[in-house]
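Residue numbers (the working numbering), protein chains in the order written: chain A, 1 to 192; chain B, 1001 to 1192.
For glycine and all other residues, C-beta sits at the position ideal for the given N, C-alpha and C.
Because the structure is a prediction, the values reported are computed rather than measured.
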DNA sequence: CAATTCCATTAAGGTATCTTAAGAACGCTA
DNA sequence: TAGCGTTCTTAAGATACCTTAATGGAATTG
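Put into structure tokens, the structure is as follows:
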């Protein structure tokens, strides 16, 4: 189960056998049932989280009670309310399991220890964060320059594996449209 | 002029006098006239860039020729097409001076040398990127959950110093609305 | 397996924002 | 200081997307 995590790290930076053991020991495992929360708004987010199995969503709820999904995560992805983690303020986001899931997480204190002991861990998270930043940048541009239909088509071609694990209204929330509108978009595509 | 850069680094991580000299030597200075380009789509982005003076914009142009501003940068900010820098692929964004500007930049090869020589530089860019990621995350949520008027009000209260350096149609592009609509938004606020 | 809740579809009317077009104000530069 | 390009404003008609509401099918639970 930890092979996925260690493999994920080794893809980007070299680590020794001893270091990978130390990393393994520093993480803990969390099992989640469908709809169970890993983090709720108001709580403190003290862990960096890696999805070993399943599918989760990161979302916020606005003043009107509407849910806005910022990110999905599946096996092999990192997922967190990074703002809450970094600032150590109460979270503004929720993280919830969409399907039964297994998450491997490390406490901030342990991670900071790793940063001091293993230079490559700093580099690993620098690169991971840069990649995450780039993906978010692309998404922002897409949201600004593309129609909902274009965004939908891009999502399903890019993340077919995610689309198959989530209900359609969640995808609508991620795309920033109402479920009804996503339904008519799909109808229009069908009718073409 | 480099004091701002060194200060910017020291705000986040400790570095020695020798290291700060090495950092200084590794950067180069670029002077830009208003409207001059620091990077154009199709070019390679081989530098990490820090704004010493002035105001610049990072934007893309979509298939219809419309400009979408992803980020402004002013004195003391880092600004780059991170995707092009990291992947070493041709840039998809433009970086252009809005006012006469001075940029301090470091070539990727030199920066990678610094990463190997100075552990804290890895950490510095990890934290910087995390902060940038968090800011972009907030912006994404705001774009999804707020009206154009709310986004405008938030921008001017948060970035008054930027608003004063840029024409209104550029702010419209950043907010993702037409200049005409931003104008009517302002009129509505006035009339309230 | 029946009941109930959840989810996707469809349609109608409403709202936010866009597009186009025109003119007014502003700020350079000759 | 006149002239010219740039930026901002206003308004009208068009469009994308939302809200509400109703229906039927699918999934979950007792």
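Can you tell me where the alpha helix (DSSP H) holding residue i begins and where it ends?
i               : result
residue 177(A)  : No alpha helix (DSSP H) contains residue 177(A), which DSSP labels as neither H nor E.
residue 1130(B) : 1119-1145
residue 76(A)   : Residue 76(A) -> no alpha helix (DSSP H), and no H or E assigned at all.
residue 1016(B) : Where residue 1016(B) is concerned, there is no enclosing alpha helix (DSSP H), given that its DSSP letter is neither H nor E.
residue 1086(B) : 1082-1087
Buried or exposed: which applies to residue i, given that a residue is buried once 16 or more other Cβ atoms fall within 10 Å of its Cβ?
i               : result
residue 1029(B) : exposed
residue 110(A)  : buried
residue 1132(B) : buried
residue 64(A)   : exposed
residue 130(A)  : buried
residue 16(A)   : exposed
residue 66(A)   : exposed
residue 1157(B) : exposed
residue 124(A)  : buried
residue 1071(B) : buried
residue 1189(B) : exposed
residue 1147(B) : exposed
residue 1105(B) : buried
residue 1087(B) : exposed
residue 1081(B) : buried
residue 184(A)  : exposed
residue 10(A)   : exposed
residue 1034(B) : exposed
residue 96(A)   : buried
residue 1151(B) : buried
By the DSSP assignment, the beta strand (DSSP E) with residue i in it spans what residues?
i               : result
residue 1157(B) : Per DSSP, residue 1157(B) belongs to no beta strand (DSSP E); it is in the alpha helix (DSSP H), 1148-1158.
residue 1048(B) : 1047-1053
residue 102(A)  : 101-107
residue 95(A)   : 94-97
residue 1039(B) : 1037-1039
residue 1032(B) : 1027-1032
Going along chain A in order, which residues have a C-beta closer than 7 angstroms to the C-beta of residue i?
i               : result
residue 1132(B) : 133
residue 1125(B) : 126
residue 1086(B) : 130, 134
What does residue i touch in chain B if you count any residue whose Cβ is under 8 angstroms from its own?
i             : result
residue 83(A) : 1134, 1137, 1138
Residue i touches chain B at which residues, Cβ-Cβ below 7 angstroms?
i              : result
residue 129(A) : 1126, 1129, 1130, 1133
At a cut-off of 6 angstroms, would you count residue i as near the ligand COA, judging by its Cβ distance to the nearest heavy atom?
i             : result
residue 56(A) : As far as ligands go, the structure on display features none, and thus does not contain the ligand COA.
* Asked: Going along the segment 1165-1176 of chain B in order, which residues come within less than 7 angstroms of chain A, judged by CB to CB distance?
  -> 1176
* For the segment 1138-1161 of chain B, which residues have a CB atom closer than 9 angstroms to at least one CB atom of chain A, in sequence order? -> 1138, 1139, 1140, 1141, 1143, 1144, 1145, 1146
* Of the residues that make up the segment 35-65 of chain A, which ones have a beta carbon closer than 7 angstroms to any beta carbon in chain B? -> 60, 62
* To do: Below 8 angstroms between beta carbons is the criterion; list the residues of the segment 101-123 of chain A that meet it against any residue of chain B, in chain order.
  => 115, 119, 122, 123
* Asked: the segment 67-78 of chain A: which residues have C-beta closer than 7 angstroms to a C-beta of chain B, in chain order?
  -> 68, 70
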